[in-house]
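With my numbering applied, the sequence shown covers 39 to 888.
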Amino acid sequence: MKKNKIKKLSLSLLSGASIFAAGAFVFSCEVSDNNSKKNTGKITFGVTHGVVVDDDKKTNAATTDIDGNVGIPKVIDTNSNNNDGEEKKHTITTGNLIDNSQGNHTGVIPKTNFDNPNQNDNGTTSNLNVDKQKNGGNTNSTDAFNDKDKTHNNDQDINDKITNSNKNEKDKPAATTTLPISTNPSDKNKQISKENENNSADNSANKLSANNKNNQEVRPSKVVDSSFYPTQPTQTFNEISMQEQEIKNKILSTKNLAFNFYSHPDFKFKETSSIIKGDGKDAKRLELVDKSGHPVEGVKWFIKAQYPEEMVYSSSEKTPQDVSISITSDGVVTGKEHEQEQRNYQVWAEYKGYLFRTIIRVLSKFEVKALNEETLSIEKVREITKNWHNLSDVIKARNAYDWISKNVKYQERGDLVSDQTAYSCLIENLCVCAGYAKGFQMFMNELNIPSKTIVGALRNEWHIWNLVELEGKWYHVDVTWDANTEFTKYGKKTRATSYTYFLVNDNDISPGRKFNNYIPKSLMGEKYRGFQLEGLIKSEEDIRKIVEMQVSAKYNSDSKFVSFVTGNSFTDHAMVERIIKEKTGHDAGEKHTGYRNNFRTLKYKFSIDSSKINNIKTIQLKADNFKNDKSDYIIKVSGVDLPTLTKENIWVKGAYIEKVEQSGNDYLVYLSNFNNFGQSDVELSVYKIGYKFNVDNLGKLSFDVKRHNKPQAKFIGVDENSGILQNLDSGMEYRLGLDEWKDITTNQIELNGIGTKLISIRKKSSKSMMASEIQLIKPQKYSYIDKEVKVYNNKIIGVDSNMEYRLINTRDWQDINSIYLENLKPGTYEVRIKPGENLLASESIKVNIN
C-alpha cells in the first residue's frame with residue numbers, strides 16, 4: 039500500500055514464505071504473485087508416492103504459513119469444508135481393474151499438476167520409492183515381480199487383460215491399528231502422555247480454535263493368525279536382452295500396469311525425483327545404483343513424454359523442441375527453455391532387461407527466474423545476518439526491521455510483479471508493500487522466528503504486512519509504513535526509523551485499517567509492544583516509572599516536562615495527572631497532546647514541592663552479579679541507608695527486569711531476555727524523587743548468558759492422522775499450529791488426530807539457561823495410492839517395500855517386501871504407505887480379491 043497516492047491493482051498472495059507455493063490467492067492490492075507471472079509451486083522434492091497431505095493449509099487470504107522448511111509439491115487439506123464430511127475411499131476388484139485415477143478426490147487441490155513434481159506427464163500420480171532413510175523406515179528398494187506363468191519380457195496381449203473403469207466407491211475411513219506405546223521394545227517402560235487434538239475444519243480468518251477434543255480413531259481389535267497371509271515372493275536377477283523397440287513398448291505398457299512392474303529390488307535410482315532448470319545450462323547426471331549404492335555401467339536411457347504426443351525417446355534420438363528435456367547416452371539430462379506452467383517427464387533406465395523410472399521436473403523460464411531471484415535473496419539475508427545468531431529474537435527482529443527501513447525505498451513499477459517480491463526488497467531495494475512483507479518474512483525464516491503475513495484494507499485498498507511471534511505471543515510489524523519516515527523533531531524535519539509500526543498490537547495498527555486477525559487475542563503480546571518507543575505507557579506501573587525517572591533527571595532543567603507515548607485510544611489522562619501530583623506534590627501543569635504516526639504523545643509541565651528537593655540525598659550504590667537458587671541472572675544492589683526501591687525506581691538497559699525483591703538491606707534485581715547470548719552487557723540506573731544515585735562503574739555489568747540447546751525431538755507416525763512425539767523431557771513444551779504452548783511432563787507424547795499440523799517444540803527457560811530455539815517438525819502424509827496399486831491376474835501389483843497391507847477390519851498391518859502380492863485368500867484388503875519418522879501413513883485403499 040502506497041503511503042500517499044493509492045492505485046488499485048490485483049494481487050496474488052502465496053500461501054508460503056517461499057517464492058514457490060502450493061497455490062496462489064488473488065485479491066486487490068499493490069502486491070502480487072511472488073516472483074513470477076506464472077502459478078508457481080515450491081520446488082523442494084520430498085515426496086515420491088502421490089501427493090502430500092497438509093492439514094495446516096487452512097490459509098485464508100491474509101496468511102502465509104511458516105512452513106518454509108518443508109517442500110510440499112501439492113497438498114490435501116484434511117480440514118477443508120469441501121470434504122463434505124466424508125472421505126472418499128477407493129476399491130480395486132480382481133478380474134477387472136477399477137482405476138479411480140480420474141475420479142474427483144475430495145480434498146485434493148484441483149487444476150494443474152504443476153505443484154506435484156511426482157505426477158506423470160500424463161497427469162497420473164507417480165508411485166516412486168519413498169526414501170526411508172529420510173522417513174525413518176526401510177531403505178530397501180522395491181522388490182521384484184516374478185510370474186512363473188509369464189516370462190519377464192513377454193507382454194503379449196497384456197493390455198487385453200486390463201480393463202479401466204471410472205467407478206468410485208465411497209466408504210467410511212479405514213480403521214487403523216492400535217497405537218503402540220513405543221516402536222522400540224526397550225521402551226516398554228517409558229511413560230507416554232496422550233493428547234487428543236481437535237482436527238477441526240474451521241477455516242474462519244479471525245478465529246483459531248485452541249480447544250483440543252478427543253479425536254482418537256476407533257481401531258479394530260480383531261486379530262488373524264499370521265499364517266493367514268501368504269509368503270511373499272522373491273525374485274532372482276535373470277539378465278534379459280531386449281531390442282530398443284521392445285524397451286519402448288514395455289515403458290508404454292506400464293501406463294496400464296505399474297511403474298515398477300519390470301523393476302528389480304537389487305537396483306534403484308540414486309534419486310527418485312529431480313528438478314532441473316529449463317535454461318539449457320543446468321545439466322544433471324542420473325545414476326542407477328546397486329544395493330551398495332555404487333553406480334552400474336551399461337545402462338540405456340529413455341525419456342517418456344506425453345506432450346505433444348505420448349512417445350518414448352532413446353538417448354540416441356533428438357527430442358522435439360516441444361519436449362523440454364534431452365538425455366545423453368551416459369544419463370545426463372538437460373532442460374530446454376519453455377513457458378508452460380508444468381513440465382514433468384519420466385526418465386527410464388534399462389539395465390539388463392529391467393526397467394526403472396524417475397521423474398524429472400523441468401522449470402519454466404518464469405520459474406527459473408523466480409528460483410534464481412530467491413536464491414540470491416536468501417544469500418543476501420544470510421550475509422546480512424551472519425553475525426546475528428547469538429542475538430535474542432527481539433533484537434534479531436529489530437535489526438531486520440532496521441535494515442529494511444533504512445535500505446529499501448518504496449517505489450511502484452506498475453507491472454504487478456517486479457516490485458512485489460523479496461528480491462525487489464533485498465536485492466534491488468525498490469518495492470511496494472508486498473516486497474517489504476516478503477523481504478521481512480525471509481529474514482524471519484532465516485532467523486527461525488515464527489512469522490506470518492496478514493492482509494487488510496487500508497484507505498479502502500488492500501495492504502500486506504507481517505505478524506511475528508516472540509515468546510509465544512504475536513505482534514504486528516509493518517516496515518512499509520516506517521521506511522525512512524519523515525517526522526519533525528525539535529522543530530526540524532528529519533528522516534529516521536520511528537518504530538511506530540514495530541511490535542504493536544491490533545489497536546495500535548488499526549487506525550485507517552480493516553482486517554481480521556486470525557491470531558486469538560489471548561495470543562497477542564504486550565511485553566514487547568512498542569519495544570523501541572521511549573516513554574510508552576502500557577500500565578500504571580509504566581506511568582509511575584516514567585515520572586520517577588523524568589522528574590528526577592530534570593530537577594534543575596529549564597524544560598520541566600514529563601513526556602509519554604500512548605496508544606491511540608488511551609484517554610485516562612486523569613490517572614496520569616493523579617500520579618504526577620502524587621510524585622511531585624503539585625498538580626500537573628499545562629498539557630500538550632499530539633500524534634506520533636499511529637500513536638499519540640502526551641506531555642505535562644510539572645513543578646515540584648520544594649520539600650522534596652531541598653535536601654536531595656546522594657547515595658553511592660554498588661551493583662554486583664549475584665546467583666541464588668532461583669536464578670543465575672541477578673543484580674544485587676547495595677548501599678548505606680537505602681530508601682525503599684521497587685521496579686518503579688530501577689532501569690536496566692540490555693535486559694528485562696522480571697522482579698525486584700528486598701534481601702536484608704540489599705535489593706535483588708532479577709533479569710531475563712538479554713539482548714544477546716554469551717557475554718552480555720547491561721547497565722543499571724536508579725531513580726527516586728529526592729535522591730541522586732551514583733552507581734559504581736556507571737552501573738555496567740556483564741553476564742555469561744547461556745541458552746538451552748534446541749530440542750532433538752522425533753515424530754514417529756503411527757497411522758493416518760496420529761503419531762508419537764519422542765525424545766522429550768519434562769523441561770520442554772510444545773504446540774500444534776498456532777495453539778497455545780503446553781507443558782511436556784513425559785519423555786514421549788501420543789498425538790491423536792493432528793494430521794499434518796506443524797509441531798513446535800522448545801526447552802523452557804530455567805534457573806541458569808534461557809529458553810531454546812524452537813524446533814519445528816512438519817509431518818508429511820502421502821495421499822491416495824490408487825493410481826498405482828492395481829489388480830492384475832489375481833495379484834495386487836504396484837506395491838513396494840514402503841507399503842503395508844492387512845485384511846480389512848483386522849488390527850495388524852503386514853509389511854510388504856515385494857512388488858506384488860499373490861496367493862491371497864478371498865476377501866477385502868487395505869493397502870497404504872507405511873508411517874515412519876516425520877511421516878504419517880497414507881489413506882488406505884481397498885482391494886477386493888474374489
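All C-beta atoms, glycine included, are put in the ideal place defined by N, C-alpha and C.
Treat the numbers as computed from the prediction; the structure is a model and nothing was measured.
Give me the Cα-Cα distance between residue i and residue j, rounded to the nearest whole angstrom.
i, j, result
"arginine 638", "lysine 660", "38 Å"
"isoleucine 313", "alanine 408", "14 Å"
"leucine 295", "lysine 286", "15 Å"
"isoleucine 363", "tryptophan 339", "13 Å"
"isoleucine 581", "valine 542", "19 Å"
"lysine 685", "alanine 521", "34 Å"
"asparagine 886", "arginine 381", "35 Å"
"lysine 315", "tyrosine 383", "13 Å"
"glutamate 758", "arginine 870", "9 Å"
"tyrosine 729", "asparagine 687", "11 Å"
"lysine 322", "glutamate 284", "27 Å"
"glutamate 348", "lysine 342", "7 Å"
"isoleucine 465", "glutamine 449", "14 Å"
"isoleucine 815", "proline 873", "15 Å"
"valine 733", "tyrosine 474", "43 Å"
"lysine 583", "leucine 574", "11 Å"
"asparagine 735", "glutamate 788", "53 Å"
"histidine 332", "glutamate 309", "13 Å"
Measuring alpha carbon to alpha carbon, tell me which of the options ends up nearest residue i.
i, options, result
"tryptophan 500", "Leu508, Thr491, Val506", "Thr491"
"tyrosine 513", "Met480, Arg533, Ser548, Tyr300", "Ser548"
"valine 600", "Gly563, Arg567, Gly318, Ile646", "Ile646"
"serine 259", "Lys621, Glu875, Phe275, Arg849", "Arg849"
"histidine 746", "Phe481, Gln717, Ser806", "Ser806"
"aspartate 546", "Leu706, Val400, Gly563, Arg395", "Gly563"
"serine 856", "Asp516, Asn832, Asp838", "Asp838"
"lysine 444", "Asn703, Tyr537, Leu814", "Tyr537"
"lysine 390", "Asn847, Ala751, Met280", "Met280"
"lysine 374", "Glu388, Ile398, Ser354, Ile278", "Ile398"
"aspartate 679", "Ser669, Asp704, Asp742, Tyr694", "Asp704"
"lysine 643", "Ile618, Asn652, Val371, Tyr633", "Ile618"
"arginine 616", "Ser311, Leu414, Ala626", "Ala626"
"tyrosine 820", "Arg844, Gly793, Arg800, Thr372", "Gly793"
In three-state DSSP terms, what is residue i?
i, result
"aspartate 734", "helix"
"isoleucine 823", "coil"
"valine 614", "helix"
"alanine 213", "Because alanine 213 sits at a pLDDT of 30, beneath the cut-off of 50, its placement in the model cannot be relied upon, and the following sentence gives the value as read from the coordinates. The answer is coil: DSSP assigns alanine 213 none of H, G, I, E or B."
"glutamate 499", "strand"
"serine 880", "coil"
"arginine 849", "coil"
"serine 364", "strand"
"alanine 7", "This structure leaves residue 7 out entirely; the chain is present only between 39 and 888."
"valine 419", "helix"
"alanine 438", "helix"
"alanine 288", "It is worth fixing the name first, because residue 288 is lysine in this sequence and not alanine. In this structure, lysine 288 counts as helix in the three-state DSSP scheme."
"tryptophan 519", "helix"
"threonine 866", "strand"
"valine 262", "coil"
"leucine 393", "strand"
"glycine 874", "strand"
"glutamine 658", "strand"
Please tell me whether, using a cut-off of 7 Å, the distance from the CB of residue i to the nearest non-hydrogen atom of the ligand NAD is below it.
i, result
"phenylalanine 404", "Annotation note on the ligand NAD: not contained in the displayed structure, which lists no ligands."
Residue i and residue j look like a contact to me (Cβ under 8 Å); what is the Cβ gap, rounded to whole Å?
i, j, result
"aspartate 328", "valine 334", "6 Å"
"serine 798", "isoleucine 812", "5 Å"
Residue j and residue i - do their beta-carbons sit closer together than 8 Å?
i, j, result
"phenylalanine 712", "serine 430", "yes"
"cysteine 463", "isoleucine 442", "yes"
"aspartate 457", "valine 470", "yes"
"valine 493", "tyrosine 439", "no"
"glycine 702", "leucine 722", "no"
"serine 301", "leucine 393", "yes"
"lysine 744", "methionine 808", "yes"
"leucine 324", "valine 371", "yes"
"isoleucine 883", "leucine 859", "no"
So, is the C-beta of residue i closer than 8 Å to a C-beta in chain D?
i, result
"tryptophan 386", "This model lacks chain D altogether, as it is built from one protein chain only."
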